[in-house]
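>
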Amino acid sequence: MVQQGRGSAMLATVLVSLLVVQLEVAQAATYTVGGAGGWTFNVVGWTKGKQFKAGDVLVFNYSPAIHNVVAVNNVGYKTCLTPRGAKVYKSGKDQIKLSKGPNFFICNFAGHCESGMKIAARGSATMTMATLLLLLGLQFEIGFAANYTVGDDGGWSFGVSGWTKGKSFKVGDILEFNYNPEQHNVIVVDEKGYETCTAGGDAKTFNSGNDQIEITGKTFFICGFPTHCDSRDMKLAISV
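FYI, the numbering for the sequence shown is 2 to 241, going by the numbering used here.
1) With Ser-204 and Val-190 assumed to form a contact (beta carbons below 8 Å), what rounded beta-carbon distance in angstroms separates them?
2) Are Cys-230 and Ile-223 touching if we call contact CB-CB under 7 Å?
3) Quick one: give me the first and last residue of the beta strand (DSSP E) that Lys-94 is part of.
4) Do Ala-72 and Phe-110 count as a contact pair if the criterion is CB distance below 7 Å?
5) Whole angstroms are fine: how far does the CA of Ser-125 sit from the CA of Phe-226?
6) Assign Asn-75 to one of three DSSP states: helix, strand, or coil.
7) Buried or exposed: Ala-200, going by 16 or more other Cβ atoms within 10 Å of its Cβ?
8) Leaving aside the five residues before and after Asn-208 along the sequence, list all residues of the same chain whose C-beta is less than 6 Å from its C-beta, in chain order.
9) Report the residue from Gln-184, Asn-179 and Lys-193 whose alpha carbon sits nearest the alpha carbon of Gly-210.
10) Helix, strand or coil, according to DSSP, for Val-45 in the structure here?
11) If you compare alpha carbons, which of Trp-157, Phe-61 and Tyr-90 is closest to Met-235?
12) Since Pro-244 sits in a beta bridge, which residues does DSSP pair it with?
13) Going by DSSP in three states, Ile-175 sits in which element: helix, strand or coil?
14) Does Lys-168 come within less than 7 Å of chain C when only Cβ atoms are used?
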């Protein structure tokens with residue numbers, strides 16, 4: 002018996018939501034510095050409460066006859082001094098893309114920076130496309146993970162080795178082993194242990210009677226009770 006895992010579906014939904022949010026966040030935004038008032042005196046507080054991302058665009062509107070925009074470092078921002086080699090904008094409608102980390106801008110016309118004509122904007126990191134694609138792939142992998150009841154209605158019992166025939170398993174699928182723990186158990190073994198019906202000392206043993214085991218790759222299971230694996234064919238080989 003196979004069914005879509007409820008928990009996996011819920012997790013997939015959460016991941017889809019996260020992916021949508023990240024896609025929205027990844028879209029660059031455009032901000033007009035100073036709002037309707039533009040790039041002018043006392044604009045220093047305009048950034049308060051705003052969350053910028055690397056790649057967002059700041060639009061500086063002003064009269065180039067009386068103002069400019071200079072990209073400076075932290076020292077230049079604090080002292081209102083223009084560092085050597087600083088980038089100067091003077092079109093009156095400058096569009097400047099924020100870099101990751103702190104970004105500082107001043108007007109270096111005499112006295113203008115000291116009159117609050119400066120801003121500091123931190124560009125936070127955005128999720129890369131590679132990460133977004135990884136999230137999307139993970140969502141689909143988890144979203145389509147299936148739950149299998151080993152042996153179907155007969156459960157984990159004798160002669161179960163052929164139960165896998167015709168089934169296609171994936172990493173992330175869940176195998177549910179139902180059995181009487183007084184009579185059986187489930188042991189994860191390697192291929193040699195599967196063939197010889199023996200378990201090493203470090204083999205993982207399940208004995209709840211209702212074990213749920215996630216498939217992580219090619220996996221082998223046996224029942225460790227005497228003769229159950231070798232004489233009663235109570236073993237399972239999973240290929241993905």
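C-beta: ideal position from N, C-alpha, C; glycine also. Everything numeric in this text was worked out from a predicted model, so none of it was measured.
On the basis of the coordinates in this document:
1) On the sequence shown, position 203 is the one that residue 204 refers to. On the sequence shown, position 189 is the one that residue 190 refers to. Position check: residue 204 holds Ala in this sequence, whereas Ser was assumed. Indeed they touch by this definition, with Cβ atoms about 6 Å apart.
2) Counted from its first residue, the sequence shown places residue 230 at position 229. Counted from its first residue, the sequence shown places residue 223 at position 222. Yes.
3) The residue given as residue 94 occupies position 93 in the sequence shown. From DSSP, the beta strand (DSSP E) with Lys-94 extends over 94-98.
4) Within the sequence shown, residue 110 is the residue found at index 109, counting from 1. Within the sequence shown, residue 72 is the residue found at index 71, counting from 1. Result no, Cβ atoms of Phe-110 and Ala-72 do not sit closer than 7 Å.
5) Within the sequence shown, the letter at position 225 stands for residue 226. Within the sequence shown, the letter at position 124 stands for residue 125. So the alpha carbons of these two residues sit roughly 58 Å apart.
6) Stepping through the sequence shown from its first residue, residue 75 is reached at position 74. Here Asn-75 sits in helix by DSSP.
7) Stepping through the sequence shown from its first residue, residue 200 is reached at position 199. Buried, by the Cβ-count rule.
8) Locating residue 208 in the sequence shown gives position 207, where the first residue counts as 1. Cβ neighbours of Asn-208 beyond the five flanking positions: Pro-182 and Asn-186.
9) Taking the first residue of the sequence shown as position 1, residue 210 is located at position 209. Closest option to Gly-210, Cα to Cα, is Asn-179.
10) The sequence position of residue 45 within the sequence shown is 44, counting from 1. DSSP places Val-45 in helix when its eight states are reduced to three.
11) Numbered from 1 along the sequence shown, position 234 holds the residue referred to as residue 235. With distances taken between Cα atoms, Met-235 lies closest to Trp-157.
12) Nothing in the structure corresponds to residue 244, since the chain is present only between 2 and 241.
13) Reading the sequence shown from its first residue, position 174 is the one you call residue 175. If DSSP states are grouped into helix, strand and coil, Ile-175 belongs with the strands.
14) The structure shown has no chain C; it contains just one protein chain.
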